[in-house]
Structures are given as structure tokens and as C-alpha cells.
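Each remark here refers to the structure printed beneath this line.
See the structure below:
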């Protein structure tokens, strides 16, 4: 099964470069540039429009829509819901990144409102955010996962991912030291990445943007999520090796470089994928 997954990941890497999907990303001003750059790096075409009077039209012609709650406001929530509904109407996949869900009432209400009005195809977050969305108690730490949540075993995280995937009929990606991806039936653990990724703001947002790029070129959103998270994790490892002893700025640049150079040989040499039978 793992070889089959990796073969599909490799094909999708090629397809996204051939199809150049238009990815409509409603994200935050902190990470917008990096999100646009990683979409470009894998072969997609980003648009970052968030004005309420144009998001429906742009979403309708896009290949994927990414909704990111990094910086939230009434206007941003309205734009996200309008874009999401337009995407649903036009069979465009929607990726949701519930940044900071569980940390404050307005943010929590916003996440719940988006989920109640928009059909989500991929939801990506850390374990604390995903636990909140799943209706479980969680100790959040700003936009980062709490230590107690991070220390949950992978088996327990997989249960959370699988249950939420079934509940929302979508793919769930929990990212962390190990990444858990589930569509409710298929479940995998990805064990790539490097701790330096946590020292660059927005790598989670970038992962969600990559989910949009790959979902925009595929009908299998489980494989799209795996492709996105593997690309980020492996690129983090490569970036660390290239920037070791130099500094964070070089790591950041090397990360984008590695994403842009991802290919079959790198995937098959470095991917660490484990299936979970549940």
C-alpha cells in the first residue's frame, strides 16, 4: 500500500506542474507571501483576493480554495463563507486551516460558523486545533499546540483524525512532529520534517496552501494532503542540511528552494510513511 501511495504522490507532483491549478487563498497578512510562493514553487498559480465583493467570482473559476483563519475579522469570515459556498456550488475543493481554534471565543465561533455553512474537503491543523474542531477538550497555546496535546500518542491522534474525517466527510491532516492523515477509512503517519520548521512563522499555513495546490490537480484529496505534507516535511529536512551552521534566513530560503525542486527520486528516497489499520 505504501508503494502505491508514493506512486500516486509522484504522479500528482507531475500533474500539478502540468495543470498549473489556480489556488484562491484567503489567508493572513503574516504568511500570505510565503503561501503564494509555495503554491508557485510546486507549479500552481496563487491568487490571494479577500475582498468581499470579488471572492465569490474568483472562487468559482479557481481549482481550489484555501480558507485560513490566521488573522480573523467579521469581514474576513464573511469573505471566507462566500468563497467557500461559491466553491461548493462549482465543485471546487475547499481547504480549511482553523488557525488558533480553541484559543478565543470569536475565533471559535468563526470556525464553527465556517464549518456549518461550507463543505470542507481537507482540514489541516495542529492537534489542539483539530481536537477543538472535533469537540474534544484541549489546552491551546496561542496558535501552537499545547504540550499535553502534542504528547498524545500517534494512535490517539489517529483516532481523533479518523473520527473528525467521518464526522465532516473530509480529509483531516494533523501536523506535528509526526503527521496524521485520515479520510475516515485510510490512515497514515508521515514522519518527515525537522524541528527548525517550527521556528519559521507560517509553515503550517504553507502546508495548507500546498494542500490547495495539490487538491486543485486531483480528485483524491487524501493523496493530495499526503503529497502536500510530505513535500513540506522532506523540504524541511533538506533545508536544514543546506542551512546548518548558517542561520534561519538561509533555512527559510532553502525551504522554498527544496519545495520547488521536489521530484520522484527525492520522494522515494526520503518519504517516511506508515499505514494504520483501523
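Residue numbers (this note's numbering): 65 to 342. C-beta: ideal position from N, C-alpha, C; glycine also. Since this is a predicted model, take the numbers as computed values, not measurements.
CB contact flag (residue i, residue j, <8 Å)
| i | j | result |
| --- | --- | --- |
| residue 285 | residue 186 | yes |
| residue 241 | residue 319 | no |
| residue 136 | residue 171 | yes |
| residue 106 | residue 277 | yes |
| residue 326 | residue 300 | no |
| residue 229 | residue 217 | no |
| residue 74 | residue 293 | no |
| residue 72 | residue 287 | yes |
| residue 262 | residue 127 | no |
Length of the line joining the Cα atoms of residue i and residue j
| i | j | result |
| --- | --- | --- |
| residue 123 | residue 309 | 43 Å |
| residue 104 | residue 110 | 7 Å |
| residue 149 | residue 274 | 21 Å |
| residue 245 | residue 254 | 8 Å |
| residue 200 | residue 317 | 37 Å |
| residue 83 | residue 179 | 29 Å |
| residue 279 | residue 311 | 33 Å |
| residue 86 | residue 156 | 11 Å |
| residue 431 | residue 190 | Outside the modelled stretch of the chain, which goes from 65 to 342, sits residue 431, for which no answer is possible. |
| residue 337 | residue 78 | 20 Å |
| residue 256 | residue 192 | 20 Å |
| residue 130 | residue 183 | 12 Å |
| residue 102 | residue 268 | 12 Å |
| residue 132 | residue 239 | 15 Å |
| residue 147 | residue 76 | 25 Å |
| residue 176 | residue 169 | 11 Å |
| residue 329 | residue 335 | 10 Å |
6 Å CB neighbourhood of residue i in its chain, flanking five on each side removed
| i | result |
| --- | --- |
| residue 266 | 95 and 98 |
| residue 303 | 315, 318, 319 and 322 |
| residue 340 | 222 and 251 |
| residue 181 | 145 |
| residue 289 | 186, 235, 237, 245 and 275 |
DSSP bridge partner residues for residue i (one or two, in chain order)
| i | result |
| --- | --- |
| residue 74 | DSSP output for residue 74 lists no bridge partner at all. |
| residue 254 | 243 and 337 |
| residue 130 | 89 and 159 |
| residue 186 | 159 and 235 |
Chain C contact for residue i (CB, 8 Å cutoff)
| i | result |
| --- | --- |
| residue 105 | The structure shown contains no chain C, having only a single protein chain. |
Sequence-distant residues of its chain with Cβ nearer than 8 Å to residue i (five each side left out)
| i | result |
| --- | --- |
| residue 113 | 88, 90, 119 and 122 |
| residue 231 | 198 |
| residue 271 | 188, 237, 239, 292, 293 and 296 |
Residues near residue i by beta carbon distance below 7 Å, same chain, minus five either side
| i | result |
| --- | --- |
| residue 139 | 116 |
*Minimum length 3: unbroken beta strand (DSSP E) runs contained in the stretch 140-165*: 158-161, all fully within the stretch 140-165.
*Taking the runs of the beta strand (DSSP E) that are 3 residues or longer, which of them lie wholly in the stretch 90-127?*
Taken in chain order, the complete beta strand (DSSP E) segments of 3 residues or longer contained in the stretch 90-127 are 109-111.
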